[in-house]
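See structure below.
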Amino acid sequence: MGHKIRQTIAEVFEEMAEALETGSFGKKTRVGLTILGSEHGPEELVRGAELAQKSNSDIQVVVIGYGAETDLEMVAASDEKEAHAKMDAMLLAGDLDAAVTMHYSFPIGVSTVGRVITPAHGKPMFLATTTGISDVDRVPAMLKNTLYGIATAKACGIENPTVGILNIEGARQLERALQKLKENGYAINFTESARSDGGVVMRGNDLLMGVPDVMVNDSLSGNVLMKMFSAYTTGGSYESLGYGYGPGVGENYDRIIGIISRASGAPVIAGAIRLAADCARGSLMDKAKAEFAAAKKAGWEQIMNSVKAPTAGPKASEDEIVAPPKKLVTEAIPGVDVMDIEDAVQSLWKEKIYAESGMGCTGPIIMVAPEDKDNAVKTLKEQDYL
Numbered sequence: 004m005g006h007k008i009r010q011t012i013a014e015v016f017e018e019m020a021e022a023l024e025t026g027s028f029g030k031k032t033r034v035g036l037t038i039l040g041s042e043h044g045p046e047e048l049v050r051g052a053e054l055a056q057k058s059n060s061d062i063q064v065v066v067i068g069y070g071a072e073t074d075l076e077m078v079a080a081s082d083e084k085e086a087h088a089k090m091d092a093m094l095l096a097g098d099l100d101a102a103v104t105m106h107y108s109f110p111i112g113v114s115t116v117g118r119v120i121t122p123a124h125g126k127p128m129f130l131a132t133t134t135g136i137s138d139v140d141r142v143p144a145m146l147k148n149t150l151y152g153i154a155t156a157k158a159c160g161i162e163n164p165t166v167g168i169l170n171i172e173g174a175r176q177l178e179r180a181l182q183k184l185k186e187n188g189y190a191i192n193f194t195e196s197a198r199s200d201g202g203v204v205m206r207g208n209d210l211l212m213g214v215p216d217v218m219v220n221d222s223l224s225g226n227v228l229m230k231m232f233s234a235y236t237t238g239g240s241y242e243s244l245g246y247g248y249g250p251g252v253g254e255n256y257d258r259i260i261g262i263i264s265r266a267s268g269a270p271v272i273a274g275a276i277r278l279a280a281d282c283a284r285g286s287l288m289d290k291a292k293a294e295f296a297a298a299k300k301a302g303w304e305q306i307m308n309s310v311k312a313p314t315a316g317p318k319a320s321e322d323e324i325v326a327p328p329k330k331l332v333t334e335a336i337p338g339v340d341v342m343d344i345e346d347a348v349q350s351l352w353k354e355k356i357y358a359e360s361g362m363g364c365t366g367p368i369i370m371v372a373p374e375d376k377d378n379a380v381k382t383l384k385e386q387d388y389l
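In this note's numbering, the protein residues as written are 4 to 389.
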């Protein structure tokens, strides 16, 4: 008994000594990083992981994959599919607080909020959003993106983030919808353009200056902006600045997974790990739920319905379509237009092929089981979805 007590005391003093040396007190945030699939090789990702851990004493990085030597904790994985499976399992089991990866397929309704360094003043700015599909309709998607961006900024310590809307198609509709939410009691802190005519709709100058804390846009625009901000000093082949494409956010999404691209270099890898850790420490998932709860009290559902694009309604036969028994879907089929993605899934269900919609690194995808892929592609081609 005495030996056990002495051992415990020794361990406590050892931990205290380490904390005094590193300046890190309390539990470290464990962030996983998959290192397979980069254009720069696994060594570059490991370099970013080592940079993140060396620069942030409150973070412990767990590397998932193979192909590079490191003193960091490593979990072996033979390919990207296995790496993602192990990453998800560790997140859901609580072995990781957050993770950073590439080529990850989020479900529709989840989009990533990136963070960039703007060049005019070196100010950080959140781009809401940069990958994923929040909604199949443009303005409702950007309405959700607004909440995703606010939640992420709050998780990163900005108590009352300022919000601007990028001057793109749908910006004025979104402005009216958000003004209505505000009138109904939802707390949103609109910023003003730095241009002389002001307003919440942001111009290119505002992008460069980082006027809002959160810049709201559609995912495709955000993706382009992220690449420009990250690689404008390198010619495009190497992303050297910023924090990556950010964590996937949804009203009820249950894990923190930050996205990087195949072109992301070590500095961006380190920034993405820092952003993921901040989101974990700041309880991003709880922040997202809180924003939606507040918005729903302000008439969210009615406002969302008011900005949805009119449709002809479902075909009569679609009412009878029931999803086949669920399968593990690991094969991606790209090429279906985002406006047709849900109809395409229904068409596969009708043929007794289980499928799910998602978002890949280059656009919307349909996910199916490996044994169903050939039949699924054939069906989608016959019905002119591909």
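All residues carry an ideal CB built from backbone N, CA and C; glycine is no exception.
Source: prediction; values computed, not measured.
Just to confirm, is the Cβ distance from Pro328 to Leu211 under 8 Å? Looking up residue 328 in the sequence shown gives position 325. Looking up residue 211 in the sequence shown gives position 208. In this structure, Leu211 does not lie closer than 8 Å to Pro328 by Cβ.
CA-to-CA distance, Asp209 to Gly202, given in whole angstroms: Stepping through the sequence shown from its first residue, residue 202 is reached at position 199. Stepping through the sequence shown from its first residue, residue 209 is reached at position 206. Their Cα atoms are separated by approximately 11 Å.
Evaluate the contact criterion for the region 376-388 versus the region 333-346: three or more CB pairs, one atom per stretch, below 8 Å. yes
Looking at the strands, I want to know which residues DSSP matches up with Thr165. Indexing the sequence shown from 1 puts residue 165 at position 162. According to DSSP, which records beta bridges pairwise, Thr165 is partnered with Asn192.
Could you pull the start and end residues of the beta strand (DSSP E) that Ala101 belongs to? What you label residue 101 is simply residue 98 of the sequence shown in a count that begins at 1. That run of the beta strand (DSSP E) goes Ala101 to Thr104.
Assign Ala283 to one of three DSSP states: helix, strand, or coil. As a working note, residue 283 is residue 280 in the sequence shown. Ala283: helix per DSSP, three-state reduction.
Neighbourhood of Leu244 by C-beta distance below 6 Å, restricted to the same chain and skipping five residues each side: Here the question's residue 244 lines up with position 241 in the sequence shown. So the qualifying residues of the chain are Ile120 and Ser233.
Quick one: what's got a C-beta closer than 7 Å to Arg265's C-beta in the same chain, skipping five residues either side? As a working note, residue 265 is residue 262 in the sequence shown. Taken in chain order, the residues that qualify are Gly40, Ser41, Glu42 and Met105.
Between Leu54 and Ala273, which are expected to be in contact by the criterion C-beta below 8 Å, what is the C-beta distance as a whole number of angstroms? In the sequence shown, counting from the first residue as 1, residue 54 sits at position 51. In the sequence shown, counting from the first residue as 1, residue 273 sits at position 270. Indeed they touch by this definition, with Cβ atoms about 4 Å apart.
Exposure of Met231, with buried meaning 16 or more beta-carbon neighbours within 10 Å: In the sequence shown, residue 231 corresponds to position 228, counting from 1. By the neighbour-count rule (16 or more Cβ atoms within 10 Å), Met231 is not buried but exposed.
Enumerate in chain order the residues of its own chain whose CB-to-CB distance from Ala319 is below 7 Å, with the five nearest sequence positions on each side excluded. The sequence position of residue 319 within the sequence shown is 316, counting from 1. For Ala319, the predicted structure reports a pLDDT of 41, less than 50, and the residue's modelled location is therefore unreliable. The matter cannot be settled from this model.
Which residue wins for smallest C-alpha separation from Met362, given the options Lys126, Lys300, Ser137 and Ala102? The residue labelled residue 362 in the question sits at position 359 within the sequence shown. Among Lys126, Lys300, Ser137 and Ala102, the Cα nearest to that of Met362 belongs to Ser137.
Thr165 beta carbon less than 8 Å from that of Pro215: Along the sequence shown, one-based indexing puts residue 215 at 212. Along the sequence shown, one-based indexing puts residue 165 at 162. For Pro215 and Thr165, yes; Cβs fall inside 8 Å.
Determine the extent of the alpha helix (DSSP H) in which Ile356 is found, giving its start and end residues. Taking the sequence shown and counting its residues from 1, the one referred to as residue 356 is at position 353. Where Ile356 is concerned, there is no enclosing alpha helix (DSSP H), given that its DSSP letter is neither H nor E.
Under three-state DSSP, which class holds Arg33? Counting from one through the sequence shown, the residue named residue 33 turns up at place 30. Arg33 falls in the strand class under three-state DSSP.
My guess is that Ala158 and Asp281 are in contact by the Cβ rule of under 8 Å, so how many angstroms apart are they, rounded? For the purposes of this step, residue 158 is identified with residue 155 of the sequence shown, where counting begins at 1. For the purposes of this step, residue 281 is identified with residue 278 of the sequence shown, where counting begins at 1. Yes, they are in contact, since the Cβ atoms of Ala158 and Asp281 sit about 7 Å apart, within 8 Å.
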